[in-house]
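Take a look at the structure:
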């Protein structure tokens, strides 16, 4: 009987039960990717992803702010009265954004100049406030840090994906070391193919196009996965029906044999 | 209550901790940030002047420009100067560097730091400014980044102004230089009073001193591309002729032909008998025709008037949709509008024909107009309509002066006076309108002086002073002055103790009125 129960268990339920810190971290990278799935933080995704380096820089800053604010929010959540939770969280986030702005201007001046107003604007990034209220205010510090880092990395990877696509389409090359405080400047890719020289990808229009393309891809993958899951579930139901029919048949035969 | 206290305390602690954290990081990074900014600025200097070998910086005490850097090349020759200016527009702070060569050319203008939207300010056509002469900078009107570009424009203008100042270059306009040759240093500024089209002179200027009193009227014309100015007193006495630059020897000879006319009234000059430069003779003829039978008006929107058998024709001009519109308003002896003519306009023909001209008759018979209501008459061509309405309203307002009912007064405190009648229509005396500095701003008063030279009534027409003080200390004490023929203010007898500055304005007004009235209207 116990074996049967195990055999008929829904695969989705099985997954949920096995959720770990690893899952907590990786959910933000793909399954709950802030940009491509939740459509959060689109303003910087449009504005500063014209190069891989600025996208990476913004990603790192967001990881810092997101993780630090998640940690602080999870630590103070029980001390803050419900009425002022949101303002208090905003102050926490704004503090970290100011700190990150100062640190960037001091230690990564070129990046600071390149990102400009979009550093202070991190404070209004919905992703950060969203994770503070939806996750950090309901979970412990460790889980909140993991969530912050995971979501931040997901955000950064998405930004980099858009950044690398836009930069290569706009310039035909990928350079590294111009804005980040690195002791070198290299061309990671230099196609020298001027057919890629599509200026539209330098501006916000290019950002919209690129995000649209990636959203389409992510949605297609999501739909494919959903379809696969639905098919698997249907197959599982068919299997269960078949097994039940066989059981019924077997039982009927047994009953017939008994009566014979 | 306790819960509210807890909320307040929590917010206070969160705020304090946040502030503390920010202060800590700021202290830690302050020097490095400053160093980074200065380094970046040096790089910017290098970008503006690639030949730069060294720079000598000095701080400037100015509202917009805070730093001047002299730029030297490898031979220690000064090759230019860079001015750093700041502005805060709707999109945040912006810092602009303006490089100017020693040849009075803009070398380059660049945005060194800003919080303005990058995608906008980065696309500003700043390269268009490079190479332009500092005395004739053309800014782009359509940049797509209006706020940022306005800041750049303002900072560039100030930078150029300071550069001229440091280079000890005369900043006076050509017009002012010429006017000062005629009127002397007293000519502090000028107002372009009226412009003419295709006539012997281009513009009529009202020349004013530092107190904005009229020194005279001047007219300009071109001779071989040089600006030439003819100056007259307010009574149309010819004062002299000058160009913007004394170094024009050939022009000095031309002007010498007309030196004998200095001191003559314009109407007495026999234009046909004049010899010399024909352009100047034509100008004299034109001015003679212009001032014949007309009187000038020094009011906003109004230029001159002439008396006719039926009344007055007042000429005025105001900014229309494209440029200045010239309007003539004809008033009857009773002060009613009998005709309005749009003498000159550059506004769109279709709009003028459809919305303006058919409606000009609508004001016939009017003697008092509300500007907002009047503007509705020209709905469809608001820009042109507004200019016409401004002139009409100004003309109607000026009618009492023309009819003699109202006498304008050239006085520091008093503006005008007019006959004052009581409710029964009996003449009481003269009403004086004047203004004096109060506590917050200028207070406007009406003071009536009766036929015996005593104060009959005092009214505060306009004030921005504190209502409470007015009610408590000023208005109740105004009656003390009724019947007085002499008002003096001293510390022991101050009727307005408690609201001294507003009180001072009342004393200023009353003493000025009584003094002016006692002297029979001569200041």
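Protein chains in written order, with the working numbering: chain A, 1 to 260; chain B, 1001 to 1523. Positions of the beta carbon are idealized from the N, C-alpha and C atoms, including for glycine.
| Query | Result |
| --- | --- |
| Quick check on DSSP: helix, strand or coil for residue 233(A)? | helix |
| Against residue 1015(B), what residues of chain A qualify as contacts under a CB-to-CB distance less than 7 Å, listed in chain order? | 91 |
| Would residue 105(A) count as contacting chain D if we go by Cβ distances under 8 Å? | Structure shown: chain D not included; protein chains present are A and B. |
| Can you give me, in chain order, the residues of the region 1035 to 1047 of chain B that have a beta carbon less than 7 Å from any beta carbon in chain A? | 1036, 1040 |
| Assuming residue 1317(B) contacts residue 1194(B) under a Cβ cut-off of 8 Å, what Cβ separation, rounded to an integer in Å, is found between them? | 6 Å |
| Between the region 230 to 250 of chain A and the region 69 to 77 of chain A, are three or more C-beta pairs nearer than 8 Å? | no |
| What residue from 1453(B), 1382(B), 1313(B) has the CA that sits closest to residue 1348(B)'s CA? | 1382(B) |
| Under 8 Å Cβ-Cβ, which residues of chain A neighbour residue 1032(B)? | 106, 107 |
| Tell me the rounded alpha-carbon separation between residue 1508(B) and residue 1436(B). | 7 Å |
| Which residues, in order along the region 110 to 127 of chain A, keep a beta-carbon less than 7 Å from a beta-carbon of chain B? | 116, 117 |
| So, with DSSP's three-state summary, where would you put residue 1193(B)? | strand |
| Classify residue 157(A) as helix, strand or coil using the three-state DSSP reduction. | helix |
| For residue 1208(B), I'd like the list of residues in its chain whose CB is within less than 8 Å of its CB, leaving aside the five on either flank, ordered along the chain. | 1187, 1188, 1189, 1190, 1191, 1214, 1215 |
| May I ask which residues mark the beginning and end of the beta strand (DSSP E) holding residue 1241(B)? | 1238 to 1243 |
| Name the DSSP bridge partner or partners of residue 1028(B)? | Partner(s): none; residue 1028(B) has no beta bridge. |
| Can you tell me the Cβ-Cβ gap for residue 1128(B) and residue 1089(B), rounded? I've got them flagged as a contact below 8 Å. | 20 Å between Cβ atoms; not a contact. |
| Assign residue 34(A) to buried or exposed, taking buried as 16 or more other Cβ atoms, counted over all protein chains shown, within 10 Å of its Cβ. | buried |
| Determine the extent of the beta strand (DSSP E) in which residue 86(A) is found, giving its start and end residues. | Looking at the DSSP string, residue 86(A) is not in any beta strand (DSSP E); the run it does join, the alpha helix (DSSP H), is 85 to 107. |
| On the DSSP letters alone, give me the boundaries of the alpha helix (DSSP H) that residue 1500(B) sits inside. | 1500 to 1518 |
| Please report how far the alpha carbon of residue 1110(B) lies from the alpha carbon of residue 1341(B), in whole angstroms. | 50 Å |
| What are the residues in the region 1314 to 1325 of chain B lying within 8 Å of chain A by C-beta distance? | none |
| Tell me, please, whether the CB atom of residue 1507(B) is closer than 8 Å to any CB atom in chain A? | no |
| For residue 1380(B) and residue 1354(B), which I take to be in contact (beta-carbon distance under 8 Å), what is that distance rounded to the nearest angstrom? | 7 Å |
| For the region 1426 to 1485 of chain B, list the beta strand (DSSP E) runs that are entirely contained and at least 3 residues long, ordered along the chain. | 1427 to 1437, 1442 to 1450, 1455 to 1462 |
| Can you list, in chain order, the residues of the region 1085 to 1096 of chain B whose Cβ is nearer than 9 Å to any Cβ on chain A? | 1091, 1092 |
| Quick one: list the residues of chain A neighbouring residue 1010(B), beta-carbon separation under 8 Å, in chain order. | 79, 80, 81, 84, 88 |
| Have a look at residue 1426(B) and residue 1419(B) and give me their C-alpha separation to the nearest angstrom. | 10 Å |
| So what does residue 1078(B) bridge to, in DSSP terms? | 1072(B) |
| Is DSSP giving residue 3(A) helix, strand or coil here? | Reliability fails at residue 3(A), whose pLDDT of 42 lies under 50, so the model's placement of it is uncertain and no value is given. |
| Name the DSSP bridge partner or partners of residue 1418(B)? | 1406(B), 1431(B) |
| Note down, in chain order, each residue of its chain lying with its Cβ closer than 8 Å to the Cβ of residue 1203(B), except the 5 sequence neighbours on either side. | 1192, 1193, 1194, 1195, 1196, 1219, 1220 |
| Let me check understanding here. Comparing Cα to Cα, which of 1091(B), 1073(B), 1126(B), 1130(B) lies closest to residue 1100(B)? | 1130(B) |
| For residue 49(A), would you say it is in contact with chain B, using Cβ-to-Cβ distances shorter than 8 Å as the test? | no |
| Quick test of the definition: if touching needs 3 or more C-beta pairs under 8 Å, does the region 101 to 119 of chain A touch the region 1030 to 1045 of chain B? | yes |
| Given a limit of 9 Å on CB to CB distance, which residues of the region 1378 to 1411 of chain B reach chain A? | none |
| On a CA-only basis, which of 159(A), 116(A), 242(A), 38(A) is nearest residue 63(A)? Give me that one, please. | 159(A) |
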